[in-house]
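A short write-up of the structure that comes next.
Structure, rendered in structure tokens:
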């Protein structure tokens, strides 16, 4: 869907015939996602007479505070979330208000991520974007250091070797940074052979998991990874490593496709690119994911909230959102037709292609990534892993003790 087509024609909507109401939408954005959703919502508002009150917040608010609001009965009507399965008990089932067959045809691959662990047929949210993890590389640093980048299919060990040379040649304090969460950690762990589950039950610490844990702790001990990264975070807290890439502290940032717009807009003093996900004995591991727009069952306006989400999910609007936010669409029809990103830079266009390829490699070689994304308690694991791995990095615990603690905490969480 070309961005040159008028917004109104792309987003054209007939009246849903619902009573006028105001709904509150808590929205976080990595770049401009909420801004684009606001543009889109104005068309729906004009047609239906309803109003969307946007509250744009930081991601930490959605990640760390939204569930508390839901438990306290003070939730918004609608929110953009990433803990897709973990918040299922609070979701409004959209099934009575939408064309179920159309939703299944267009979003059947991602609808299960929102459902109960026991499985059900409910429709709980619009998968606004598909995201994929992978590395960003400072091309200028590699060129200045005279180091060739490893080819597609190279291993994490190959990249670590190259980054050591870049670090040494340029006098950097570190070479590689990773966001502090098991969501980013999981992809490389898959590449080292970690399975993360057996018959749908999390096992986490197997030989592959231990192998990457040893490697990861070792990268910190030698200074390849920065003290300002994982060691600077506390407990289960998430920590974004983007500032370390933006300011030139490191030559590689293990992050994901959601950072494309941010980096394209804010990096002006060096060249960068997205590179294919590194591989290993376990495959080429990357974590799929993304954000979704959901309504909560506490809303006083279920029909209005469902109408708004259904509006956003339609092909023309989903395509507009993907094109204007430089995201990979989850709409399966649009995936086949393709999105015309004619207004983005060559770096973003190439990055989107690389991330899409990473998702394909992961689906083929590390299918446990898709299981982990849909597991309803994955957010607990996202925090448990960095909590104890950080303690092994800082010397507060031995690695063996840290791994045993990870298994124990995950087992306790499963039993809840």
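In this note's numbering, the protein residues as written are -1 to 414. A virtual CB, placed ideally from N, CA and C, is assigned to each residue, including glycine. Small disclaimer: the values here were computed from a predicted structure and weren't measured.
CA nearest to the CA of residue i, picked from the options
| i | options | result |
| --- | --- | --- |
| residue 281 | 139, 237 and 193 | 193 |
| residue 275 | 227, 115, 184 and 164 | 184 |
| residue 73 | 294, 123 and 188 | 294 |
| residue 381 | 195, 233 and 362 | 233 |
| residue 273 | 89, 130, 78 and 301 | 130 |
| residue 35 | 306, 373 and 394 | 306 |
| residue 100 | 392, 360, 399 and 331 | 331 |
| residue 318 | 338, 231, 48 and 284 | 338 |
| residue 348 | 43, 255, 235 and 26 | 255 |
| residue 117 | 394, 55, 372 and 379 | 372 |
| residue 217 | 388, 297, 93 and 342 | 388 |
| residue 47 | 112, 20, 346 and 122 | 20 |
| residue 154 | 412, 191, 121 and 139 | 191 |
| residue 107 | 315, 286 and 300 | 286 |
| residue 249 | 165, 219, 210 and 200 | 165 |
| residue 302 | 42, 25, 53 and 29 | 42 |
| residue 27 | 244, 45 and 53 | 53 |
| residue 310 | 37, 18 and 157 | 37 |
| residue 57 | 238, 398, 243 and 368 | 238 |
| residue 91 | 360, 151, 364 and 308 | 308 |
For residue i, the first and last residue of its enclosing beta strand (DSSP E)
| i | result |
| --- | --- |
| residue 251 | 250 to 254 |
| residue 124 | 123 to 125 |
| residue 246 | Neither: residue 246 is in no beta strand (DSSP E) and is coded neither H nor E. |
| residue 176 | 174 to 176 |
| residue 24 | 20 to 26 |
| residue 131 | 129 to 136 |
| residue 272 | 270 to 272 |
Residue burial classification, residue i (beta-carbon count within 10 angstroms, cutoff 16)
| i | result |
| --- | --- |
| residue 383 | buried |
| residue 97 | exposed |
| residue 324 | buried |
| residue 410 | exposed |
| residue 420 | The chain is shown only over -1 to 414; residue 420 falls outside these bounds and no answer can be derived. |
| residue 241 | exposed |
| residue 366 | buried |
| residue 119 | exposed |
| residue 198 | exposed |
| residue 202 | buried |
| residue 206 | buried |
| residue 31 | buried |
| residue 63 | exposed |
| residue 51 | exposed |
| residue 334 | exposed |
| residue 264 | exposed |
| residue 408 | buried |
| residue 224 | buried |
| residue 13 | In this predicted model, residue 13 has a pLDDT of only 46, less than 50, meaning its place in the structure is not dependable; the value taken from the coordinates is given anyway. Exposed, since its Cβ has fewer than 16 Cβ neighbours within 10 Å. |
| residue 66 | exposed |
| residue 344 | exposed |
| residue 2 | Because the pLDDT of residue 2 is 39, which lies under 50, any placement of that residue in the model is unreliable, and the question is left without a value. |
| residue 267 | exposed |
| residue 187 | buried |
| residue 288 | buried |
| residue 71 | exposed |
| residue 115 | exposed |
| residue 259 | buried |
| residue 177 | buried |
Whole-angstrom C-beta distance between residue j and residue i, which should lie under 8 Å
| i | j | result |
| --- | --- | --- |
| residue 247 | residue 171 | 6 Å |
| residue 142 | residue 168 | 6 Å |
| residue 391 | residue 228 | 6 Å |
| residue 326 | residue 174 | Actually they do not touch by this definition, with Cβ atoms about 24 Å apart. |
| residue 179 | residue 236 | 5 Å |
| residue 463 | residue 290 | The structure shown does not extend to residue 463, since the chain is modelled only from -1 through 414, so no value can be given for it. |
| residue 76 | residue 23 | 4 Å |
| residue 134 | residue 299 | Not a contact, Cβ separation roughly 41 Å. |
| residue 78 | residue 25 | 5 Å |
| residue 401 | residue 126 | About 36 Å; that fails the 8 Å criterion. |
Element boundaries [alpha helix (DSSP H), containing residue i]
| i | result |
| --- | --- |
| residue 292 | First-last for residue 292: 290 to 293, but that is the beta strand (DSSP E), not the alpha helix (DSSP H). |
| residue 384 | 376 to 392 |
| residue 102 | 98 to 105 |
| residue 258 | 258 to 264 |
| residue 402 | 397 to 413 |
| residue 372 | 366 to 372 |
Distance cut-off 7 Å: residue i Cβ against heavy atoms of the ligand ZN
| i | result |
| --- | --- |
| residue 259 | For the structure depicted, the ligand ZN is absent and the ligand set is empty, with no information on it obtainable. |
At which residue ranges does the stretch 42 to 90 contain complete alpha helix (DSSP H) runs of 4 or more residues, listed in the order of the chain?
-> 57 to 62 and 64 to 70
Only counting runs of 4 or more residues, tell me where the alpha helix (DSSP H) segments fall wholly within the stretch 324 to 350, in order along the chain.
-> 330 to 335
Residue ranges of each beta strand (DSSP E) run of no fewer than 3 residues wholly in the stretch 292 to 317, ordered along the chain?
-> none
In the stretch 156 to 242, which residue ranges form an unbroken alpha helix (DSSP H) of at least 4 residues, counting only runs that do not cross its ends?
-> 180 to 189 and 205 to 220
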